[in-house]
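Following numbering that gives the first Met the number 0, the residues of the sequence shown are numbered contiguously, the last one being 128.
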Amino acid sequence: MQEVEDDREFWIEQTLDRLSHSPFRAKFSLSAHDRQYARDKGRAVIALHAQELLRSRVGDAYPSKDGKQTPFRGHLVFTAQHATATCCRGCIEKWHHIHRGQELSDEQIAALAALIMAWIERDLIAHPS
């Protein structure tokens, strides 16, 4: 089990590093309101939101309005999805090599949610309250 967690942590670090070299992905940061919301709700609640939003918005093999289904504002997970290229199936395919045309598995959603949470945690550390 520890080996799987270590592999996921390595993947998250490598992916966040790759994403940081994209001018588009690197420009995202949470608003002060979103940071406060994250701190008030706590990690467990935000992680649940990340999994639910991934499943409902990009989890299907062919999501409705793919490429336009994730707003840029309205929830901190939306911002994180754009920063981590988990906002649509095209970005997921390009950056994470998970092909379109197949529903995301529970394991894939968990991995992408963990990536989102790592990005959010980095933003919170970079902007202490």
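We put the CB at the ideal spot given by N, CA and C, even for glycine.
Next item on the list: Between the Cα of His126 and those of Arg34, Gln101, His20, spot the shortest distance and give me the residue it belongs to.
Entry: If you number the sequence shown from 1, residue 126 lands on position 127. Closest by alpha carbon: Arg34.
Margin query: Measuring only the C-alpha atoms, how far is Ser128 from Asp39?
Written below: Residue numbering aside, residue 128 sits at position 129 when the sequence shown is read from its first letter. Residue numbering aside, residue 39 sits at position 40 when the sequence shown is read from its first letter. Looking at the two C-alpha atoms, the distance is approximately 12 Å.
Check: Is it true that the CB of Leu114 sits closer than 9 Å to the CB of Thr85?
Finding: Sequence index remark: in the sequence shown, residue 85 carries index 86 (1-based). Sequence index remark: in the sequence shown, residue 114 carries index 115 (1-based). Contact: yes.
Next item on the list: Measure the Cβ-Cβ separation of Leu123 and Gln80 and say whether it is below 9 Å.
Entry: Position 124 of the sequence shown, counted from the first residue, corresponds to residue 123. Position 81 of the sequence shown, counted from the first residue, corresponds to residue 80. Cβ distance not < 9 Å, so Leu123 and Gln80 don't count as in contact.
Checklist line | DSSP-derived helix/strand/coil call for Pro62 | finding: Counting from one through the sequence shown, the residue named residue 62 turns up at place 63. Note: Pro62 maps to coil in three-state DSSP.
Note to self: Can you give me the C-alpha to C-alpha distance between Ala82 and Gly73, rounded to a whole angstrom?
What the structure shows: By 1-based counting over the sequence shown, the position of residue 82 is 83. By 1-based counting over the sequence shown, the position of residue 73 is 74. Cα-Cα distance, rounded: 15 Å.
Check: When the distance is taken between beta carbons, is Gln101 closer than 9 Å to Ala49?
Finding: Position 50 of the sequence shown, counting from 1, holds the residue named residue 49. Position 102 of the sequence shown, counting from 1, holds the residue named residue 101. Cβ atoms of Ala49 and Gln101: not closer than 9 Å.
Notebook entry, point to check: With Arg24 and Ile108 assumed to form a contact (beta carbons below 8 Å), what rounded beta-carbon distance in angstroms separates them?
Noted result: Along the sequence shown, one-based indexing puts residue 24 at 25. Along the sequence shown, one-based indexing puts residue 108 at 109. Not really, about 20 Å apart at Cβ, beyond 8 Å.
Next item on the list: Spatial neighbours of His98 within its chain, please: CB distance less than 7 Å, with the 5 preceding and 5 following residues excluded, ordered by chain position.
Entry: The sequence position of residue 98 within the sequence shown is 99, counting from 1. Within the same chain, His98 has close Cβ partners Glu92.
Checklist line | Euclidean distance between Cα positions of Pro22 and Ala110 | finding: In the sequence shown, residue 22 corresponds to position 23, counting from 1. In the sequence shown, residue 110 corresponds to position 111, counting from 1. Going by the C-alpha atoms only, they are around 23 Å apart.
Item checked: Contact set for Asp65: own chain, Cβ-Cβ below 6 Å, skip 5 residues either direction -> The sequence position of residue 65 within the sequence shown is 66, counting from 1. Once the five neighbours on either side are set aside, the close Cβ partners of Asp65 are Cys87, Arg88.
Note to self: For a test of the three-state rule: what should DSSP assign to Gly89, helix, strand or coil?
What the structure shows: Position 90 of the sequence shown holds residue 89. It is helical.
Notebook entry, point to check: Do you know how far the Cα of His20 is from the Cα of Leu47?
Noted result: For this step, residue 47 is matched to residue 48 along the sequence shown. For this step, residue 20 is matched to residue 21 along the sequence shown. Distance between the alpha carbons of Leu47 and His20: 28 Å.
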